[in-house]
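Student: Numbering of the sequence shown is given in the working numbering, commencing with residue 2 and proceeding in unit increments. Don't be surprised by glycine CBs; every beta carbon is placed ideally from N, CA and C.
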Amino acid sequence: MLSTSESTPASAYLTRRPLLAGANPYVTLYDGDTPTGYASLWQVDWSTHGAGAVLVVWTPAGLRVVGDDLRLGTWIEEHFVRHFDEATALPSWPVARVERADVELRVDPATGAHATAAGLAVAITGPLDARPFAMADFPLLGVSHGLSMQIIPCEHASITVDGVPVAGAPAVTRPGGRPVSSAVTTIHEAWSM
Numbered sequence: 002m003l004s005t006s007e008s009t010p011a012s013a014y015l016t017r018r019p020l021l022a023g024a025n026p027y028v029t030l031y032d033g034d035t036p037t038g039y040a041s042l043w044q045v046d047w048s049t050h051g052a053g054a055v056l057v058v059w060t061p062a063g064l065r066v067v068g069d070d071l072r073l074g075t076w077i078e079e080h081f082v083r084h085f086d087e088a089t090a091l092p093s094w095p096v097a098r099v100e101r102a103d104v105e106l107r108v109d110p111a112t113g114a115h116a117t118a119a120g121l122a123v124a125i126t127g128p129l130d131a132r133p134f135a136m137a138d139f140p141l142l143g144v145s146h147g148l149s150m151q152i153i154p155c156e157h158a159s160i161t162v163d164g165v166p167v168a169g170a171p172a173v174t175r176p177g178g179r180p181v182s183s184a185v186t187t188i189h190e191a192w193s194m
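1. In the structure shown, what three-state DSSP assignment does Arg83 receive?
2. Mark Ala122 as exposed unless 16 or more other C-beta atoms lie within 10 angstroms of its C-beta, in which case mark it buried.
3. Suppose only complete runs of 3+ residues qualify. What are the beta strand (DSSP E) ranges in the segment 57-141, listed by chain order?
4. Near Phe85, what residues of its chain come up, given a Cβ to Cβ distance below 7 Å and the 5 sequence neighbours on each side ignored?
5. If you pair each beta-carbon of the segment 132-139 with each one of the segment 155-164, do three or more pairs fall below 8 Å?
6. Considering Cα atoms alone, identify which of His80, Ser145 and Gly169 is closest to Ser183.
7. Does the Cβ-Cβ distance between Ala24 and Ile125 come in under 8 Å?
8. Compute the Euclidean distance between the alpha carbons of Val173 and Arg98, then round it to the nearest angstrom.
9. Measure the alpha-carbon distance for Thr37 versus Leu30 and round it to whole angstroms.
10. On a Cα-Cα basis, can you pick out the residue from Phe139, Leu141, Leu64 and Leu71 that is closest to Ala102?
11. Who are the Cβ neighbours of Leu64 in its own chain at under 6 Å, not counting the five residues just before and after it?
12. Is the CB-CB distance between Gly53 and Val66 below 8 Å?
13. Exposed or buried, what is Pro154 when buried is set at 16 or more other beta-carbons lying within 10 Å of its beta-carbon?
14. Buried or exposed, going by whether 16 or more other CB atoms sit within 10 Å of the CB of Arg83?
15. If distances are taken between C-alpha atoms only, which option among Val104, Ala116, Trp192 and Gly33 comes closest to Tyr27?
16. Between which two residues does the beta strand (DSSP E) holding His50 run?
17. Alpha carbon to alpha carbon, how far is Val167 from Gly120? Give it in angstroms, no decimals.
18. What separation, rounded to the nearest whole angstrom, lies between the Cα atoms of Arg107 and Gly143?
19. So who's on the other strand from Glu190, going by DSSP bridges?
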């Protein structure tokens with residue numbers, strides 16, 4: 002433990018409060034360079050807006066948010082997902098259709114993530130690597146957030162809407178031998194503000 006004299010000066014340290022803890026696997030599917038589907042799965046173990054599971058799915062046909070709790074689902078989509086680079090890179094981000102339904106979500110760092118709810122199914126599988134990630138200044142809504150997690154890029158993913166598979170596959174590259182994918186499982190995800 003650092004003594005007061007050894008600690009960082011108060012003016013250099015930004016005190017934060019916990020905002021959310023859980024997991025957030027996500028995937029963008031592509032047909033060539035064209036995004037065909039995007040899903041963001043949330044297992045919220047604790048947050049300032051409650052706990053539960055949320056599934057956010059975008060296709061060119063629309064945007065659906067399904068969750069155990071409407072308030073939590075709306076907050077996840079409005080505060081987080083719509084501002085992420087993956088969502089802002091899509092051709093559109095329409096007004097979400099928010100639905101209350103039970104979400105079955107399993108997140109396993111060894112195998113990936115699987116979610117089903119209200120006619121939606123998402124699978125993210127084939128882990129390629131596992132590495133820690135942290136960002137002290139992740140701007141959302143013009144406010145600095147803290148973010149830390151274990152990130153696990155995956156090789157395979159699928160999105161199914163009302164029994165119809167969304168065309169496309171995740172983009173997987175290996176710059177310098179390190180796997181990077183548009184299909185990712187995260188665990189130990191923690192946000193602060």
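Tutor: Taking the definition as stated:
1. helix
2. buried
3. 63-68, 98-101, 105-109, 113-118, 121-128 and 132-141
4. none
5. no
6. Gly169
7. no
8. 30 Å
9. 6 Å
10. Leu71
11. Pro95 and Ala97
12. no
13. buried
14. buried
15. Ala116
16. Per DSSP, His50 belongs to no beta strand (DSSP E) and is neither H nor E.
17. 13 Å
18. 32 Å
19. Gly23
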